[in-house]
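A.B. asks: Structure incoming, see below.
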Amino acid sequence: MRDRSTTMTVRIGEQLSEFVAENIGASGAYDNVSEYIRDLIRRDKERVEQQAFERLKAELARDFAKPESEYAPLTADMIIARHKARSR
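Residue numbers (the working numbering): 2 to 89.
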């Protein structure tokens, strides 16, 4: 797999800049700004994935709580279409 990195420029205000500086170097948890930003992005990605997983678990719990008489056979295409309709 090829490493495809992107350079981004981010402009932040003085308060945020000071906060970032407090977290960098000998007194902070990160060696540099890039390391800090990558960690923030990874954590946010994990948060979004966890939220999606929690929504899936809640949907499955609702479906499994229904009486068996309400069960209906579904194809993968039907499930994907239902998910797309709910996502809109």
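Cβ coordinates follow ideal geometry from the N, Cα and C atoms, glycine included.
Three Cβ pairs or more, each shorter than 8 Å: is that satisfied between the segment 33 to 43 and the segment 16 to 25?
C.D. replies: Touching, yes.
A.B. asks: Kindly indicate which three-state DSSP category residue 25 falls into: helix, strand or coil?
C.D. replies: Taking the sequence shown and counting its residues from 1, one reaches residue 25 at position 24. Correct three-state label for residue 25: strand.
A.B. asks: Have a look at 66, 11, 57, 40 and flag the residue whose alpha-carbon is nearest the alpha-carbon of residue 80.
C.D. replies: For the purposes of this step, residue 80 is identified with residue 79 of the sequence shown, where counting begins at 1. Cα-wise, what sits closest to residue 80 is 57.
A.B. asks: Please report how far the alpha carbon of residue 48 lies from the alpha carbon of residue 72, in whole angstroms.
C.D. replies: Locating residue 48 in the sequence shown gives position 47, where the first residue counts as 1. Locating residue 72 in the sequence shown gives position 71, where the first residue counts as 1. Going from the Cα of residue 48 to the Cα of residue 72 covers about 32 Å.
A.B. asks: Helix, strand or coil: how does DSSP classify residue 72 here?
C.D. replies: Residue 72 sits at position 71 when you count from the first residue of the sequence shown. Residue 72: coil per DSSP, three-state reduction.
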